[in-house]
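K.L.:
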Amino acid sequence: MIDSVKRAADNPDEPQPYAELGMKADEYDRVRAILGRRPTSSELAIYSVMWSEHCSYKSSKVHLRQFGTKAPESEALLVGMGENAGVVDIGDGWAATFKIESHNHPSYVEPHQGAATGVGGIVRDIMSMGARPVAVMDALRFGALDAPDTRRVLPGVVEGISSYGNCLGLPNIGGELVFDPCYIGNPLVNALCVGLLRKDQIKLATAPGPGNKVVLFGARTGPDGIGGASVLASATFEDESHAKRPAVQVGDPFMEKLLIECCLELFEADVVVGIQDLGAAGVSCATTELAAKGTGGMRVDLGLVPLRDPSLLPEEILMSESQERMMAVVTPDDIDAFMAICSRWDVPATVIGEVTDTGRLVMTWKDEVIVDIPPGTAADDGPVYERPFHEPAGQVALNADDPVRLARPADLRATLLELLGSSNLASKEWVTSQYDRYVRGNTVLAMPADAGVLRIGEVMPGAEETDRGIALATDGNGRYAKLDPYAGAQLALAEAYRNVAVTGARPLAVTNCLNFGSPEDPEVMWQFAEAVRGLADACKTLGVPVTGGNVSFYNQTGSTPIHPTPVVGVLGVLDDVHKRVRHGFTASDLKIILLGDTGEEFGGSEWAHVTHGHLGGLPPRADLEAERSLATVLVEAAGRGLIEGSHDVSDGGLAIALAEASLAHGVGGTVQLPGDDPFVGLFSESASRAVVTVRPESFEAFAELCARHEVPCYGLGTTGGSTLRVEGVLDIPVDELRATHEATLPATFNS
Amino acid sequence: MGAARVGVVTFPGTLDDQDAARAVRHAGGEAVPLWHADRDLKGVDAVFLPGGFSYGDYLRCGAISRFAPLMEELIPAAHAGLPVLGTCNGFQILCEAHLLPGALTRNENLHYVCRDQRVLVESNATAWTGDYTPGQEILLPVKHGEGRYVADAATVTALESGDQIVFRYLGGNPNGSVNDIAGISNEAGNVVGLMPHPEHAVEDLTGAPSVDGRGFFTSILKRFVSL
């Protein structure tokens, strides 16, 4: 029997499975109050998914507001938080849109499809802004490298990203890969996509204009991804086959590629009034959000939704998360042209309803009204929680456990090699060689460079010529954030910001993916509140606004949460992409320079982690003014052509930075450490540092630039030869560095 | 006469068409977009079948594309001597269309591989390799999951003796292909297929750290300038 609005009114006391759908009693009561009756089962489906933590940000909202209230003034920001993705002005009439999003739980359940559809989802967010997606990156975290489950999850995740992204034709230009036992039961798969568009082509998720058509296009709707609905199904439906729907979606990258090209032709033909991708909460989310941001009303006949499985019920259609679907609002005059473009790309498209001025979202099924709600109540007026939080019980003891007590190594050569071959610092080529980094022909820098860099060229027809380029990096350090979530979030931003700047790009804007445990745990909530506060403060100081992002809670196994892991992505712009700075030592006879001061900072360091399995003390100090000055020097020096190569100094300290710089092009170097303690000089993880190389004749001008911005500048030595030599300390052939660096991942995953 | 006109084919799921067209233009030619559903070669002087995942490669790679309306025009034209280059998915389509012998199968290690690959030029007696010298070593990116060239022993022997092995991998075979074969031609030398991507090695700024792919485009353009 269809649970129509009429039936709901006639049977006000019928029990409903709101609790099984994750709704609290007071939330359910609120729905009843909004509607003045009990919701139909379809309405309940809509409210339960739209008011879920994932869609409503009900636990995080009160904190995330700081990204707005503390936002620095930015002339670059065109579209801020709250849309599918933020948009920034990158000059010459161009805009970039970018966002990072988590797909953690699906990737643990079904690594291949979970990761693949994570890529697919973020790409559609970018498309829905009117942009051509131009690159992807991914920030991955797994349990210990030698843990058996890592060998199950990692290869599947990598294959999912590889098969989906490669088939889609988007270069994968960077990201992160981190191993830590805290992620063993809850790996993190955060996918980032960046797109480019003309400034005047921005599209928004809105459905204005009564009489305009609502079109669903792309893949047909199937029973995949009905996670939340399975309980509803088992409580409401008698046919048992409905009870066990796969909760993880299945991706079709070929359809997504067609959707991209189809959407770009639709934008070019100017036949789209509003557009929204179908991601979490599928049709429920797209219809309520489009209607809420438009004229306010929409009528939809759910019976017109093209189905892969004709037995699907309206509640299931509403909650299905089938991939590769989009929804557009199109004027009646343009509908034929719209349909013709879809047909040229073999993309199925169906008019399922139209915009109204009634202020109500009305859905019918077999001529009965099954949904009749004010759309804003589902899309925008969800519950907001002020969750209690307090500092974790062991935090003081954790911070007091200073790594200064740890035994220092006698053999620094052996320590360098041990770290260089350790899971977090070893070459990631086993993973990155499975990603196409060249497709579309605009890749200027990709991994292992500090940031991915793209030329802006020939993105779409009619685009004017520009020499500009964009740079992107993501960073995050769960150990730092565990020790101090406020500083940890700032350090994540600082590193991504620095990684963009070392390529010569001016950092412009931020996206973030905040991965935490359960918000119902006050200690986790404290970590979250501190991280958001730290990130918002740092964005203000560095002058880079947050443009959007994603919160992922409930990353824990039983009562044990992961380390708080804010992952921060920074987008930068190069005014002339030809002046980008390459990675590492690019030639012989260049002066090697260390920028920034080195203190004795080992809390949360790779050395403490690898050598002692220790996590305690405080993370390195986040000096944002120093960070800003460093970036200013790097960007100006690149613009003036003063720097030949660069590399940021971070995990593993200067030792690892020098080793990686040598490995980049097989060019060694000889250096003298500035301080009197070579262990500290080599392995401390003090922030705000970078290694650059300059031609001898440029040194004076470069040193003058550093002095002007008060950036400490230490001449370390000279590039050249086939050995990395630290005078009086160690001497390692580049070939030996390479053998150590490249052996680790293949030894685990090829066996 | 004007610049040579090189057709660049787009199937649903083709990915490197923009890159191929750019490489043609950089070499001084005119890139002419060709659409899979059109029975029209637009009078081009040569055709480039770029890489990608046509029709998602859910069936055998290239198995559906060979039946595209455009291919009904292209196959007889190639038999009649039209220069045709297929890279990656284009190579797979040429094999499926029987314009080249053999087949491309899943990489030996079962993983997709993207890397800068040393390649040995074995033959410059084709429409697309005249600007190289036999024995020349070049650097081109490979990026594929199904690039392992296989053929029966008689076919391989015939390719070897007929100077139809155009390219071989050097310094490690990325996919396990027979005799390290990276690319081959038909007997006439007008149809060439290879797994590496010359279109990603034509500029200093972007792509692989090499411009060794330029020779493909200068080779084909010269043929028509000299007419």
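The listed protein sequences derive, respectively, from chains A and B. Following the working numbering, the numbering of the first sequence begins with 1 at its first residue and continues without gaps. Following the working numbering, the numbering of the second sequence begins with 752 at its first residue and continues without gaps. The beta-carbon is built from N, C-alpha and C at its ideal position, and this holds for glycine as well.
Under 8 Å between beta-carbons, which chain B residues line up against Gln434 (chain A)? List them in chain order, please.
P.N.:
One-based indexing of the first sequence puts residue 434 (chain A) at position 434. Residues of chain B passing the Cβ test: His862, Tyr863, Val864, Cys865.
K.L.:
Could you check what DSSP says for Phe752 (chain A) in three-state terms: helix, strand or coil?
P.N.:
A query on residue 752 (chain A) cannot be resolved here, the shown segment of chain A reaching from 1 to 751 and no further.
K.L.:
Please report the residue range of the alpha helix (DSSP H) in which Ser936 (chain B) lies.
P.N.:
Taking the first residue of the second sequence as position 1, residue 936 (chain B) is located at position 185. From DSSP, Ser936 (chain B) is part of no alpha helix (DSSP H) but of the beta strand (DSSP E) over 932-936.
K.L.:
Contact criterion: CB-CB distance below 8 Å. Does Gly803 (chain B) meet it with respect to chain A?
P.N.:
By 1-based counting over the second sequence, the position of residue 803 (chain B) is 52. Output row for Gly803 (chain B): interface = yes.
K.L.:
Tell me which residues share the same chain as Gly652 (chain A) and place their Cβ nearer than 6 Å to its Cβ, disregarding the 5 neighbours each side in the sequence.
P.N.:
Position 652 of the first sequence holds residue 652 (chain A). Counting only Cβ-Cβ distances below 6 Å, and skipping sequence neighbours, we find Leu419, Leu425, Glu606.
K.L.:
With 7 Å as the limit, tell me which residues of the segment 427-458 of chain A have their beta carbon closer than that to any beta carbon of chain B; keep them in chain order.
P.N.:
Going along the segment 427-458 of chain A in chain order, one finds Ser433, Gln434, Tyr435, Asp436, Arg437, Tyr438, Val439, Arg440, Gly441, Asn442, Thr443, Val444, Arg455, Glu458 with a Cβ nearer than 7 Å to chain B.
K.L.:
Could you give the DSSP three-state label for His583 (chain A): helix, strand or coil?
P.N.:
By 1-based counting over the first sequence, the position of residue 583 (chain A) is 583. Note: His583 (chain A) maps to strand in three-state DSSP.
K.L.:
Measuring alpha carbon to alpha carbon, tell me which residue in B:Ala854, B:Gly841, B:Ala788, B:Phe804 is nearest Glu823 (chain B).
P.N.:
As a position in the second sequence, residue 823 (chain B) is number 72, starting the count at 1. Per the Cα distances, B:Ala788.
K.L.:
What does the Cβ neighbour count give for Tyr900 (chain B), buried or exposed, with the cut at 16 atoms within 10 Å?
P.N.:
Here residue 900 (chain B) is taken as the residue at index 149 of the second sequence, counted from 1. It counts as buried.
K.L.:
Ile90 (chain A): which of A:Glu704, A:Leu571, A:Asp623 sits nearest, CA to CA?
P.N.:
Mapped onto the first sequence, residue 90 (chain A) falls at position 90. Cα-wise, what sits closest to Ile90 (chain A) is A:Leu571.
K.L.:
Taking the CB atoms as reference points, tell me whether Val783 (chain B) and Gly803 (chain B) lie closer together than 8 Å.
P.N.:
Translated into positions along the second sequence, residue 783 (chain B) becomes position 32. Translated into positions along the second sequence, residue 803 (chain B) becomes position 52. Result no, Cβ atoms of Val783 (chain B) and Gly803 (chain B) do not sit closer than 8 Å.
K.L.:
Buried or exposed, going by whether 16 or more other CB atoms sit within 10 Å of the CB of Lys6 (chain A)?
P.N.:
Residue mapping note: residue 6 (chain A) aligns to position 6 of the first sequence, counting from 1. It counts as exposed.
K.L.:
Quick test of your reading: Cys193 (chain A) and Ile275 (chain A), contact by CB under 8 Å. State the CB separation rounded to the nearest angstrom.
P.N.:
Looking up residue 193 (chain A) in the first sequence gives position 193. Looking up residue 275 (chain A) in the first sequence gives position 275. At roughly 16 Å, the Cβ-Cβ gap does not stay under 8 Å, so Cys193 (chain A) and Ile275 (chain A) are not in contact.
K.L.:
Under 8 Å, with one C-beta from each stretch per pair, do the segment 542-558 of chain A and the segment 511-519 of chain A reach the 3-pair mark?
P.N.:
With the cut-off at 8 Å, the segment 542-558 of chain A and the segment 511-519 of chain A touch.
K.L.:
When DSSP builds the beta bridges, which residues end up paired with Val864 (chain B)?
P.N.:
Numbered from its first residue, the second sequence carries residue 864 (chain B) at position 113. BP columns for Val864 (chain B) point to B:His895.
K.L.:
Hey, quick one: how far does the alpha helix (DSSP H) through Gln113 (chain A) stretch, first residue to last?
P.N.:
As a first step, residue 113 (chain A) is located in the first sequence; it is residue number 113 there, counting from the start. It spans 111-127 - the alpha helix (DSSP H) in which Gln113 (chain A) sits, taken as one unbroken run.
K.L.:
What did DSSP end up calling Leu416 (chain A) once you bin it into helix, strand or coil?
P.N.:
Taking the first sequence and counting its residues from 1, the one referred to as residue 416 (chain A) is at position 416. Of the three classes helix, strand and coil, the one that applies to Leu416 (chain A) here is helix, per DSSP.
K.L.:
Could you check if Phe98 (chain A) is buried or exposed, using at least 16 other CB atoms within 10 Å of its CB as the buried criterion?
P.N.:
The residue you call residue 98 (chain A) lines up with position 98 of the first sequence. So Phe98 (chain A) ends up on the buried side.
K.L.:
Starting from the beta carbon of Ala162 (chain A), find every residue of chain B whose beta carbon is closer than 7 Å, and list them in chain order.
P.N.:
In the first sequence, the residue the question calls residue 162 (chain A) occupies position 162. It should be pointed out that residue 162 (chain A) corresponds to Ser in this sequence rather than to Ala. The contacting residues are Tyr863.
K.L.:
Can Phe528 (chain A) and Ser60 (chain A) be called in contact, C-beta distance under 8 Å?
P.N.:
Position 528 of the first sequence holds residue 528 (chain A). Position 60 of the first sequence holds residue 60 (chain A). In this structure, Ser60 (chain A) lies closer than 8 Å to Phe528 (chain A) by Cβ.
K.L.:
Using 10 angstroms around the beta-carbon of Phe818 (chain B), count the other beta-carbons present and answer buried if the total reaches 16, otherwise exposed.
P.N.:
In the second sequence, residue 818 (chain B) corresponds to position 67, counting from 1. Exposed is the call here.
K.L.:
Going by DSSP, which residues form a beta bridge with Asn190 (chain A)?
P.N.:
Indexing the first sequence from 1 puts residue 190 (chain A) at position 190. Note: Asn190 (chain A) sits in a beta bridge opposite A:Ser102, A:Ala139.
K.L.:
To test your reading of the DSSP string, which unbroken beta strand (DSSP E) runs of 3 or more residues are found completely within the segment 488-557 of chain A?
P.N.:
For the segment 488-557 of chain A, whole beta strand (DSSP E) runs of length 3 or above, ordered along the chain, are 506-515, 546-552.
K.L.:
Between Gly753 (chain A) and Val577 (chain A), how many whole angstroms is the CB-CB distance? I'm expecting something under 8 Å.
P.N.:
Here chain A has residues from 1 to 751 only, and residue 753 (chain A) is not among them.
K.L.:
Determine, using beta carbons only, whether Leu957 (chain B) comes closer than 8 Å to chain A.
P.N.:
Locating residue 957 (chain B) in the second sequence gives position 206, where the first residue counts as 1. According to the sequence shown, residue 957 (chain B) is Thr rather than Leu. Cβ-Cβ to chain A under 8 Å: yes for Thr957 (chain B).
K.L.:
Does the Cβ of Ala739 (chain A) have 16 or more other Cβ atoms within 10 Å, making it buried, or fewer, making it exposed?
P.N.:
As a position in the first sequence, residue 739 (chain A) is number 739, starting the count at 1. Ala739 (chain A) is exposed by the Cβ-count criterion.
K.L.:
Are the C-beta of Pro383 (chain A) and some C-beta of chain B separated by less than 8 Å?
P.N.:
Locating residue 383 (chain A) in the first sequence gives position 383, where the first residue counts as 1. It does not; no Cβ of chain B falls within 8 Å.
K.L.:
Please classify Lys293 (chain A) as buried or exposed, where buried requires at least 16 neighbouring CB atoms within 10 angstroms.
P.N.:
Working through the first sequence from its first residue, we reach residue 293 (chain A) at position 293. Looking at its Cβ environment, which holds 16 or more other Cβ atoms inside 10 Å, Lys293 (chain A) is buried.
K.L.:
Kindly list the residues whose CB is nearer than 7 Å to the CB of Ser4 (chain A), restricted to its own chain and excluding five residues on each side of it in sequence; keep chain order.
P.N.:
Sequence index remark: in the first sequence, residue 4 (chain A) carries index 4 (1-based). So the qualifying residues of the chain are Thr40, Glu368, Val369, Ile370.
K.L.:
Any beta-carbon of chain A closer than 8 Å to the one on Asp767 (chain B)?
P.N.:
Taking the first residue of the second sequence as 1, we reach residue 767 (chain B) at position 16. Cβ-Cβ to chain A under 8 Å: yes for Asp767 (chain B).
K.L.:
Is Thr586 (chain A) near the ligand FAD, in the sense that its beta carbon is under 7 Å from a heavy atom of that ligand?
P.N.:
Ligands are entirely absent from the displayed structure, and the ligand FAD is therefore not among its contents.
K.L.:
Within the continuous beta strand (DSSP E) that includes Ile593 (chain A), where are the two ends?
P.N.:
Locating residue 593 (chain A) in the first sequence gives position 593, where the first residue counts as 1. Note, Ile593 (chain A): beta strand (DSSP E), 591-595.
K.L.:
For Thr670 (chain A), list the residues DSSP reports as bridge partners.
P.N.:
Within the first sequence, the letter at position 670 stands for residue 670 (chain A). For Thr670 (chain A), which the question treats as bridged, DSSP gives the partners A:Thr718, A:Arg725.
K.L.:
Since Val872 (chain B) and Phe918 (chain B) are thought to touch, with beta carbons under 8 Å apart, how far apart are those beta carbons, to the nearest angstrom?
P.N.:
Counted from its first residue, the second sequence places residue 872 (chain B) at position 121. Counted from its first residue, the second sequence places residue 918 (chain B) at position 167. Yes, they are in contact, since the Cβ atoms of Val872 (chain B) and Phe918 (chain B) sit about 6 Å apart, within 8 Å.
K.L.:
How big is the Cα-Cα spacing for Pro171 (chain A) and Ser48 (chain A)?
P.N.:
Counting from one through the first sequence, the residue named residue 171 (chain A) turns up at place 171. Counting from one through the first sequence, the residue named residue 48 (chain A) turns up at place 48. Each residue's Cα considered, the two are about 37 Å apart.
K.L.:
Curious, which full-length alpha helix (DSSP H) runs of at least 4 residues does the segment 268-323 of chain A contain?
P.N.:
Within the segment 268-323 of chain A, the complete alpha helix (DSSP H) runs of at least 4 residues are 282-293, 314-319.
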